[in-house]
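Some notes on the structure that comes next.
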Amino acid sequence: MNIWNTDVIATQLARDEIDQQQKTKYYIACFYLQVIGTVLPMFLLGLSYSINLFTFLSYIVTISVFHLGAFKVYRACAVHKKASVLDTLVVVGLPISIKVQIGYWITYVLITLMFEAMQASSYIWVIYGFITMPLIVWLQFYLVERTVDKNYV
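Number 202 in my numbering belongs to position 115 of the sequence shown; there are no gaps in the numbering.
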């Protein structure tokens with residue numbers, strides 16, 4: 088199971104070299120990575136839930152971005168006719184999710200240090216969370232779509 092090189096994975100998918108058991112492992116890993124990497128820290132920190140309206144709006148925006156991203160990947164897969172959209176989202180999505188999560192956590196640490204140095208209000212975290220969630224989802228779909236266009240030729 089390759090969890091980093093999206094070009095190799097996309098090529099393997101296009102050639103139908105990844106079996107259903109491997110695809111299931113990709114799906115499970117991607118699901119748990121998303122939950123552990125984004126939702127769990129919000130609950131542990133509790134800061135993103137201090138203003139319910141912002142949290143609610145963030146999830147509405149995130150869901151909208153998710154649906155638009157999924158449709159864009161679907162169209163890209165339909166054009167190239169190499170691998171199914173679900174296989175693509177799941178299997179190519181895992182290494183992209185890992186990379187995005189690494190970027191998220193590096194940014195998170197840097198912003199935490201900056202906010203602490205500025206002695207920023209907890210409301211800053213709410214705004215940060217509101218912006219970050221939809222951005223992460225958009226970035227993941229964008230990178231999947233770009234990988235499809237690059238490798239499903």
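Even glycine gets a Cβ: it sits at the ideal position worked out from N, Cα and C.
Since this is a predicted model, take the numbers as computed values, not measurements.
Lys168 and Met201 have their C-alpha atoms spaced approximately 46 Å apart. For Asp103, there is no enclosing alpha helix (DSSP H), as DSSP marks it with neither H nor E.
When DSSP states are grouped into helix, strand and coil, Val240 belongs to the coil group. Taking Lys159 as the centre and dropping the five residues before and after it, the same chain places the C-beta of Phe228, Glu232 closer than 7 Å to its C-beta, in chain order. In the three-state DSSP reduction, Ile189 falls in the helix class (H, G or I). Linking Leu100 to Tyr119 through their CA atoms gives a straight-line distance of about 22 Å. About 19 Å separates the Cβ atoms of Cys164 and Val152, ruling out a contact at the 8 Å cut-off. Between Thr175 and the set Lys186, Arg162, Gln121, the nearest pair of CA atoms involves Arg162. Cβ neighbours of Ala116 within its own chain (closer than 6 Å, five residues either side excluded): Leu181.
One thing to note: Tyr239 has its Cβ within 9 Å of the Cβ of Ala170.
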